[in-house]
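Protein chains: 2
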Amino acid sequence: MAKNMFLYWGSGSPPCWKAMIALEEKGFSGYPNKMLNFSKKEHKGEEVLKLNPRGQLPTFKDGDLVINESDAICFYLESQYPDKGHRLLPVGKEEKALALQRAFEVANMRSGFMQDMMQYSMSTKEEDRDKKKMEEFYTKAREEIGRWESYLKKNDEGDFLAGKVFTMADVFAFPLFAICVRFGLQLEKFPSLSAYYKRLSERPSIKSTWPPHWSEGPGQSAMSQI
Amino acid sequence: MAKNMFLYWGSGSPPCWKAMIALEEKGFSGYPNKMLNFSKKEHKGEEVLKLNPRGQLPTFKDGDLVINESDAICFYLESQYPDKGHRLLPVGKEEKALALQRAFEVANMRSGFMQDMMQYSMSTKEEDRDKKKMEEFYTKAREEIGRWESYLKKNDEGDFLAGKVFTMADVFAFPLFAICVRFGLQLEKFPSLSAYYKRLSERPSIKSTWPPHWSEGPGQSAMSQI
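Taken in sequence, the protein lines are chains A and B. First residue of the first sequence: 13, per our numbering; consecutive thereafter. First residue of the second sequence: 13, per our numbering; consecutive thereafter.
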């Protein structure tokens, strides 16, 4: 089945990474794919635009079906191939409700602080950044990351975001935590999140899809004071 | 079952409206609920905060389960009660893929122009608005709304966003189209969207959940020149 799929992706993009983790978890390792370079604007090229007129990545095909939104790709794979690979949405009512709630709750990390903070710190040199503005970002970030820390703290060591098993919640959340770490987040301030992060970094679906360009050099430091 | 549910909601909020349409479609009419007033900051009150620490609406319970993210509520209802009421995710592979793609694609309307345009026009008086900035918004909006017009144009009259039946795509998209109309969008410029909009406005799940405060007075005009 995997050989009928095709994924265009970019290194370090959380939506691409989500789709890639889901593909690995669902047992589609080895699917044909092509990495495109965002800084060369390759995602705005003809090859992508004919499948995805918005020129965004991921751009994905399963046979003749085109599915481009990362959430749609993840839910499509799980819904179409529920018994293949790892089940990402638990069958039990409570476990399923929690996995869905946590998965979609991840968007609050992005809208709550990441988007504005990353935009500001990437467009403003460290010495020119407004201290009060950065403090406001830190406060929001501490509150939001603190929530995820408290979810994990309630769990046993070895657990995942929505309980005893790896679910869609982990697929959606991990790439955003990793972006925070790449931007300097000091995980030792959040011990349960830190243990979870280290453990999931070694999970095959995550390790094998780690953004390749991250090994070429360090990231930003804007989140180091959170 | 409906009597074990509870929804806190606010009038005119697309996430609340999505959840309410899904609840009606899935046959849970008459579920207990409470409308809260955003301008009085009732969504930041104790009643909501104890279930939803972010103080956001919707805030939803099914028995003891708390599910607050609107996407999670919609997918939970469909996944837990697939055969109750109207099926929102088709069983067929192609139809399901398209419904998921279109449903999550709706987020591009918000991020593509609505969020920035609504924020700017609500915080800046009409006479003080920068014409060039507004023109940029209009261009983006025409492109994005034009995409949805083209999806509907390809369909037969009477069809929905993802084909012959009403799906999650319509649940996710309709409230955003309605917000655009409330902000002055002239639908006659988009004839297929206009016909779809009028037809869906009469659909029981949508008509019965129409934001009550919209009948009290007119909306904004910022989108009238799109």
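C-beta: ideal position from N, C-alpha, C; glycine also.
Taking only runs of the alpha helix (DSSP H) that begin and end inside the stretch 159-202 of chain B, which ones reach a length of at least 4 residues, in chain order?
180-194
When you check each C-beta in the stretch 26-42 of chain B against every C-beta of chain A, which residues fall closer than 9 Å?
none
Is any heavy atom in the ligand NAP found nearer than 7 Å to the beta carbon of Ala-153 (chain A)?
Summarising the ligand content, the structure contains no ligands, and the ligand NAP is consequently not present.
According to the neighbour-count rule (16 or more other Cβ atoms, all chains shown, within 10 Å of its Cβ), is Gly-22 (chain A) buried or exposed?
buried
Below 8 Å between beta carbons: does that hold for Trp-29 (chain B) and Thr-221 (chain B)?
yes
For Thr-71 (chain A), name the three-state secondary structure that DSSP assigns.
In this structure, Thr-71 (chain A) counts as strand in the three-state DSSP scheme.
How many angstroms separate the CA atom of Pro-65 (chain B) from the CA atom of Val-60 (chain A)?
40 Å
Who does Trp-21 (chain A) pair with in a DSSP beta bridge?
Trp-21 (chain A) is bridged to A:Met-47.
Would the stretch 67-87 of chain B count as touching the stretch 88-100 of chain A if we require 3 or more Cβ pairs under 8 Å?
no
Could you work out which residues of chain B lie near Ile-191 (chain A), taking near to mean beta carbons separated by less than 9 Å?
Those within 9 Å of Ile-191 (chain A) in chain B number zero; the least Cβ separation is about 17 Å.
How long is the line joining the alpha carbons of Gly-57 (chain A) and Phe-195 (chain B), rounded to whole angstroms?
Whole-angstrom Cα-Cα distance: 34 Å.
For Ser-91 (chain A) versus Leu-173 (chain B), is the C-beta distance shorter than 8 Å?
no
For Glu-169 (chain A), tell me which candidate among A:Pro-203, A:Phe-184, A:Val-183, A:Arg-114 has the shortest Cα-Cα distance.
Selected option, being the one with the closest Cα: A:Pro-203.
Would you call the CB atoms of Ala-115 (chain B) and Ala-181 (chain B) closer than 8 Å?
yes
Using a threshold of 8 Å, state whether the C-beta atoms of Ala-240 (chain B) and Val-183 (chain B) are closer than that.
Absent from the model: residue 240 (chain B). The displayed extent of chain B is 13 to 238, so no value can be given.
For Ile-9 (chain A), return the contacting residues in chain B, with the cut-off set at a CB-CB distance below 8 Å.
Because chain A here runs from 13 to 238, residue 9 (chain A) falls outside it and cannot be looked at.
Does Leu-35 (chain B) come out as helix, strand or coil in the three-state DSSP assignment?
helix
Just reading off the beta strand (DSSP E) that Ile-218 (chain B) is part of, what are its end residues?
Unbroken run through Ile-218 (chain B) is the alpha helix (DSSP H), 216-219; no beta strand (DSSP E).
Please confirm whether Ala-14 (chain A) and Phe-40 (chain A) have their CB atoms less than 8 Å apart.
At the C-beta level, Ala-14 (chain A) and Phe-40 (chain A) come within 8 Å of one another.
Looking only at DSSP bridge pairs, what is Ile-79 (chain B) linked to?
B:Phe-72
Give the range of the alpha helix (DSSP H) segment to which Val-60 (chain A) is assigned.
58-61
I'd like to know whether the C-beta of Glu-200 (chain B) is nearer than 8 Å to at least one C-beta of chain A.
no
Quick one: any contact between the stretch 137-155 of chain A and the stretch 105-112 of chain B, if contact means 3 or more CB pairs under 8 Å?
no
What did DSSP end up calling Lys-53 (chain A) once you bin it into helix, strand or coil?
DSSP, read as helix, strand or coil, puts Lys-53 (chain A) in coil.
Taking only beta-carbon positions, decide if Arg-211 (chain B) is within less than 8 Å of chain A.
no
Suppose you measure from the CA of Gly-175 (chain B) to the CA of Cys-86 (chain A); what does that come to, to the nearest Å?
21 Å
Quick check on Pro-27 (chain A): buried or exposed, where buried means 16 or more other Cβ atoms within 10 Å of its Cβ?
buried
Are the C-beta of Arg-159 (chain A) and some C-beta of chain B separated by less than 8 Å?
yes
Among B:Gln-237, B:Asn-16, B:Leu-63, which has the Cα closest to the Cα of Ala-153 (chain B)?
B:Gln-237
With a cut-off of 8 Å on the beta carbons, I'd call Pro-223 (chain A) and Gly-24 (chain A) a contact; round off their distance for me.
Contact between Pro-223 (chain A) and Gly-24 (chain A) holds, since their C-beta atoms are separated by about 4 Å, short of 8 Å.
Nearest to Ala-234 (chain B) by CA position, among B:Gln-131, B:Trp-160, B:Lys-210, is which residue?
B:Gln-131
Give me the chain A residues within the contact set of Leu-101 (chain B), using Cβ-Cβ distance strictly less than 8 Å, ordered along the chain.
Ser-91
Taking Cβ-Cβ distances shorter than 7 Å, what residues in chain B pair up with Phe-87 (chain A)?
Contact of Phe-87 (chain A) with chain B by beta-carbon distance below 7 Å involves Leu-112.
Using alpha carbons as the reference points, say which of B:Ser-213, B:Lys-143, B:Lys-46 lies closest to Leu-188 (chain B).
B:Ser-213
Report back the beta-carbon spacing between Glu-54 (chain B) and Leu-48 (chain B) to the nearest angstrom; my notes put them in contact at under 8 Å.
4 Å
For Met-17 (chain B) and Ser-227 (chain A), what's the separation of their Cα atoms in angstroms?
49 Å
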